[in-house]
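Chain order of the listed sequences is A and B.
Residues 258 to 656 in my numbering are what the first sequence spells out, letter by letter.
Residues 484 to 753 in my numbering are what the second sequence spells out, letter by letter.
Glycine included, every Cβ here is placed at the ideal spot set by N, Cα and C.
These figures come from a predicted structure and were not determined experimentally.
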Amino acid sequence: MSELRAQLAEWRAAVGMRVPPWWSRALAVLLIVLGVVFPFLTGSSSGLLNGTIIALAYAVMSLGLNVVVGMAGLLDLGYVAFYALGAYSMGWFGSEFFAKLNVHVLVSPVARQLPGIHLNFVLILIASVIVCAVAGVIIGLPTLRLRGDYIAIVTLAFGEIIGVIAVNGQSISLGAGMTLTAGNLGISAVDAPYFPGSGIFSLLDERPWYWLIFGILLIVVFVNLRIRDSRLGRAWVALREDEVAAVSMGIPLVKTKMLAYAIGAAFGGMSGAFFGAYYTNVNAGQFQFGFSIFILAMVIIGGLGSIWGALLGGLLLGLINNYLIPDVLNDLPSRFGLHFQLTSVEFGIFGFLLVIVMVLRPQGLVPERRRKLEFTTDMVAGDTQLADPSTTTTSGGAA
Amino acid sequence: MTALPIPNEAVAPAGSSILHAEHITKRFGGLLAVDDVSFDIPERSIVSLIGPNGAGKTTFFNMLTGLYRPTEGQILFAGRNITRARPDIITARGVARTFQNIRLFGAMTAIENVMIGHHARMRAGVFGAVLRPPWVRREERDTRERARDLLKYVGVKERDYDRLATQLAYGDQRRVEIARALASSPRLLLLDEPTAGMNPQESAVLTDFMRALRDDLKLTILLIEHDMKVVMGVSERITVLDHGRKIAEGEPAEVRADPAVIEAYLGKEG
Numbered sequence: 258m259s260e261l262r263a264q265l266a267e268w269r270a271a272v273g274m275r276v277p278p279w280w281s282r283a284l285a286v287l288l289i290v291l292g293v294v295f296p297f298l299t300g301s302s303s304g305l306l307n308g309t310i311i312a313l314a315y316a317v318m319s320l321g322l323n324v325v326v327g328m329a330g331l332l333d334l335g336y337v338a339f340y341a342l343g344a345y346s347m348g349w350f351g352s353e354f355f356a357k358l359n360v361h362v363l364v365s366p367v368a369r370q371l372p373g374i375h376l377n378f379v380l381i382l383i384a385s386v387i388v389c390a391v392a393g394v395i396i397g398l399p400t401l402r403l404r405g406d407y408i409a410i411v412t413l414a415f416g417e418i419i420g421v422i423a424v425n426g427q428s429i430s431l432g433a434g435m436t437l438t439a440g441n442l443g444i445s446a447v448d449a450p451y452f453p454g455s456g457i458f459s460l461l462d463e464r465p466w467y468w469l470i471f472g473i474l475l476i477v478v479f480v481n482l483r484i485r486d487s488r489l490g491r492a493w494v495a496l497r498e499d500e501v502a503a504v505s506m507g508i509p510l511v512k513t514k515m516l517a518y519a520i521g522a523a524f525g526g527m528s529g530a531f532f533g534a535y536y537t538n539v540n541a542g543q544f545q546f547g548f549s550i551f552i553l554a555m556v557i558i559g560g561l562g563s564i565w566g567a568l569l570g571g572l573l574l575g576l577i578n579n580y581l582i583p584d585v586l587n588d589l590p591s592r593f594g595l596h597f598q599l600t601s602v603e604f605g606i607f608g609f610l611l612v613i614v615m616v617l618r619p620q621g622l623v624p625e626r627r628r629k630l631e632f633t634t635d636m637v638a639g640d641t642q643l644a645d646p647s648t649t650t651t652s653g654g655a656a
Numbered sequence: 484m485t486a487l488p489i490p491n492e493a494v495a496p497a498g499s500s501i502l503h504a505e506h507i508t509k510r511f512g513g514l515l516a517v518d519d520v521s522f523d524i525p526e527r528s529i530v531s532l533i534g535p536n537g538a539g540k541t542t543f544f545n546m547l548t549g550l551y552r553p554t555e556g557q558i559l560f561a562g563r564n565i566t567r568a569r570p571d572i573i574t575a576r577g578v579a580r581t582f583q584n585i586r587l588f589g590a591m592t593a594i595e596n597v598m599i600g601h602h603a604r605m606r607a608g609v610f611g612a613v614l615r616p617p618w619v620r621r622e623e624r625d626t627r628e629r630a631r632d633l634l635k636y637v638g639v640k641e642r643d644y645d646r647l648a649t650q651l652a653y654g655d656q657r658r659v660e661i662a663r664a665l666a667s668s669p670r671l672l673l674l675d676e677p678t679a680g681m682n683p684q685e686s687a688v689l690t691d692f693m694r695a696l697r698d699d700l701k702l703t704i705l706l707i708e709h710d711m712k713v714v715m716g717v718s719e720r721i722t723v724l725d726h727g728r729k730i731a732e733g734e735p736a737e738v739r740a741d742p743a744v745i746e747a748y749l750g751k752e753g
């Protein structure tokens with residue numbers, strides 16, 4: 258086993274040396290081109306395209322949670338709150354829900370005839386980012402004096418509070434017969450995105466939806482990469498590693514942590530707003546605690562702190578959850594004469610996957626460079642003097 | 484030696500006081516950790532704080548750097564009150580420190596650790612990071628170059644720059660920690676037992692290094708140290724704490740002969 262592993266490491270190092278330095282850029286361009294042409298291969302409306310759209314939106318959330326949990330090391334178990342706030346931003350500012358008001362900004366001719374607040378999708382996206390960033394700071398403030406598990410409990414409670422408000426919001430009156438949310442009935446007939454030239458998005462042709470969320474994902478990945486390799490990204494890692502040393506080196510604790518919460522939450526809000534429009538309904542039942550854990554599982558399976566890991570984790574679990582299990586494998590048990598559908602045991606499947614990944618690859622599918630260094634050098638950690646510098650430089654170079 | 488940029492703020496003439504602590508007291512519940520200690524550090528001097536274990540030296544350090552707030556008393560740094568300032572603000576004003584038990588960021592490379600030290604001197608925020616305009620690129624590049632210079636200055640080998648801090652040899656970890664502290668362009672450097680775990684040769688090298696630091700970078704150094712050879716060799720002034728109280732202060736020769744100091748270290752005769 259160890260020989261095999263050594264052989265693999267050797268090959269990997271050899272490959273790492275042979276690929277030219279521009280390969281990662283070429284690979285990125287290739288992936289983007291593939292991503293753009295993908296809907297032409299699936300048809301305008303299919304289970305696969307639908308599953309992929311949802312998976313891309315999950316990946317956006319996974320990347321957001323990765324900022325908080327992975328980069329800054331603040332375990333957040335209430336991330337669903339930002340999904341909810343993003344979706345409600347969409348519901349509030351892009352439907353007939355506030356029927357007594359009449360606000361229309363850059364919307365389709367159809368929406369212009371309707372009562373309520375109707376803003377352009379891009380404006381709502383920005384609104385959801387602001388709403389969630391503010392909410393992220395509000396949830397972050399009480400956790401400042403806390404560490405580790407205690408942060409998890411506070412964030413968990415916050416997620417539950419938002420969930421309960423969503424359900425009971427139909428009894429919270431805003432005056433003139435309008436309420437805060439529509440509870441389990443849902444705010445429905447949310448406006449479809451509309452851009453001059455694109456027409457109104459329809460659910461008969463899902464390709465524009467796909468390109469929209471693909472574009473959002475590209476922006477989110479880009480922002481993530483830029484921040485990771487910046488002063489702020491370094492400060493998050495330093496705080497995660499040793500808070501006392503970090504503040505003694507001049508890192509402002511409150512500001513840096515608040516930025517992590519706000520930025521992480523903002524991505525969740527963008528994804529939530531997209532879902533609000535895509536499902537055409539904002540329903541309190543969508544925002545369950547289990548969803549927070551689901552997003553966390555994406556981050557952990559992908560590799561805590563790793564941007565590519567969070568992306569892969571989100572896509573993978575999203576596709577398994579929304580395409581593989583319901584569309585492809587759902588009747589598998591019945592073929593073996595078993596009387597249940599695979600969708601009814603999906604959480605069991607995810608739990609199983611999580612265990613498998615944790616046993617075989619605890620650092621995640623695409624580990625963060627730092628954690629990778631830690632994992633690959635554990636074997637020699639006992640005696641740093643004997644650590645062979647060449648092994649560490651090659652693994653660092655290949656990362 | 485590499486030429487290093489000296490601290491941004493103007494350097495006051497040698498001899499005037501850079502740090503002035505007045506009647507500092509710290510209580511943890513019923514425990515009196517530091518009891519009415521007044522303390523002065525002249526600009527560009529090397530001053531030591533010594534005392535038996537549990538004398539309150541590190542507590543005192545933590546108050547100077549803002550990790551603890553004094554129960555009573557006030558601390559002036561370069562004429563400004565920093566008694567209730569946050570640690571990061573104090574670092575930005577020009578106080579940097581190392582830790583008794585090395586506290587490097589384990590998941591970061593040596594050079595990244597040093598770059599963290601420069602955090603307070605950088606300006607890029609979220610939008611700067613995302614849009615990365617030319618001035619942010621320049622800032623990043625300068626920070627990295629400066630970190631390399633500092634690592635070279637403290638004597639870390641180039642092949643170790645991109646290794647994880649925890650993988651480095653013990654002595655190198657100490658060096659990286661000093662480089663990290665220097666990266667914030669301090670005027671006052673606080674070293675908490677820098678020679679702990681070092682052999683006599685290494686300690687001697689570090690003693691010379693501290694003098695070089697003071698002269699090259701126009702620094703003031705406050706040292707907590709147990710190794711009397713280092714303390715007596717390098718310090719211009721020594722303050723002795725025992726049970727949180729200041730029991731002696733003065734030049735090395737005076738302190739060495741002080742009966743109260745001998746008693747604190749060796750116990751009462753007869």
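Contacts of Ala-266/A in chain B (Cβ-Cβ under 7 Å): Result: empty, since nearest Cβ-Cβ is about 17 Å, beyond 7 Å.
Contact with chain A by Gly-638/B, beta-carbon distance below 9 Å: no
Neighbourhood of Asp-635/A by C-beta, 6 Å cutoff - its chain only, sequence neighbours within 5 removed: With a pLDDT of 46 at Asp-635/A, under the threshold of 50, the modelled position of this residue cannot be trusted; read the value that follows with caution. Result list for Asp-635/A: empty, nothing under 6 Å.
First and last residue of the uninterrupted beta strand (DSSP E) at Ile-704/B: 703 to 707
is_contact[Met-484/B, chain A] using C-beta, thresh 9 Å: For Met-484/B, the predicted model reports a pLDDT of 43, less than 50, meaning its position is unreliable; a value from the coordinates is still stated below. Judged by the 9 Å Cβ criterion, Met-484/B is not in contact with chain A.
Contact set for Ile-558/B: own chain, Cβ-Cβ below 6 Å, skip 5 residues either direction: The residues are Ala-504, Ile-565 and Thr-566.
Beta carbon proximity, Ser-487/A to chain B, threshold 9 Å: yes
Contacting residues, own chain, Cβ-Cβ under 6 Å from Asn-596/B (five flanking each side not counted): Leu-587, Phe-588, Ala-648, Val-659 and Arg-663
Short CB-CB distance (under 9 Å) between Leu-516/A and chain B: yes
Beta carbon proximity, Gly-680/B to chain A, threshold 9 Å: no
Chain-ordered chain B contacts of Asp-499/A [CB-CB under 7 Å]: Arg-586 and Phe-588
Closer than 8 Å at the beta carbon, the chain B residues around Ala-285/A: Near Ala-285/A there are no residues of chain B at all, since even the closest Cβ is about 17 Å away, more than 8 Å.
C-alpha distance - Val-324/A paired with Ser-500/B, whole-angstrom precision: 44 Å
Burial state of Pro-278/A, where buried means 16 or more other Cβ atoms lie within 10 Å: exposed
Helix, strand or coil at Ala-567/A according to DSSP, with G and I counted as helix: Ala-567/A falls in the helix class under three-state DSSP.
Separation of Asp-691/B from Ala-739/B, as counted between CA atoms: For the record, residue 739/B in the displayed sequence is Arg; it is not Ala. Between Arg-739/B and Asp-691/B, the C-alpha separation is close to 21 Å.
Helix, strand or coil at Asp-635/A according to DSSP, with G and I counted as helix: Only weak support exists for where Asp-635/A lies, its pLDDT of 46 falling under 50; the value from the coordinates is given anyway. In the structure shown, Asp-635/A sits in a helix (DSSP, three-state: H, G or I).
DSSP state of Ala-561/B mapped onto helix, strand, coil: coil
Assigned secondary structure, Arg-510/B (DSSP; H/G/I helix, E/B strand, else coil): strand
Within 9 Å, strictly: CB atoms of Leu-674/B and Arg-527/B: no
Between the CA atoms of Leu-502/B and Asp-523/B - distance to the nearest angstrom: Cα-Cα distance, rounded: 6 Å.
Those residues which DSSP pairs with Asn-359/A across a bridge: Gly-373/A
Arg-580/B: contacting residues in chain A (beta-carbon distance under 8 Å): Ser-505
Selected residue, minimal CA-CA separation from Ala-666/B, among Asp-625/B, Val-688/B and Leu-705/B: Asp-625/B
Collapsed DSSP secondary structure at Phe-597/A in the structure displayed: For Phe-597/A, the secondary structure class from DSSP, reduced to helix, strand or coil, is coil.
Residues that His-602/B contacts on chain A, provided the C-beta gap is smaller than 7 Å: Arg-488, Ala-492, Met-506, Gly-507 and Ile-508
Per-residue burial, Ile-520/A [other beta carbons within 10 Å of its own, 16 or more giving buried]: buried
Sequence-distant residues of its chain with Cβ nearer than 6 Å to Leu-334/A (five each side left out): Ala-409, Thr-412, Leu-413 and Ser-549, listed in sequence order.
Burial state of Pro-677/B, where buried means 16 or more other Cβ atoms lie within 10 Å: buried
Own chain, CB closer than 6 Å to Phe-295/A, minus 5 neighbours either side, in chain order: none
Cα-Cα separation, Ser-346/A to Val-578/B: 46 Å
Close-in-space but distant-in-sequence residues of the same chain around Gly-575/A (CB under 6 Å, 5 per side omitted): Ile-311, Ala-312 and Tyr-315
Limits of the beta strand (DSSP E) - the one that Val-324/A falls within: First-last for Val-324/A: undefined, no H or E at that position.
Nearest to Val-637/B (by Cα), restricted to the options Ala-652/B, Met-715/B, Leu-696/B and Val-744/B: Leu-696/B
Cutoff 9 Å: Ala-502/A Cβ touching any chain B Cβ: yes
CB contact flag (Gly-525/A, Gly-321/A, <9 Å): yes
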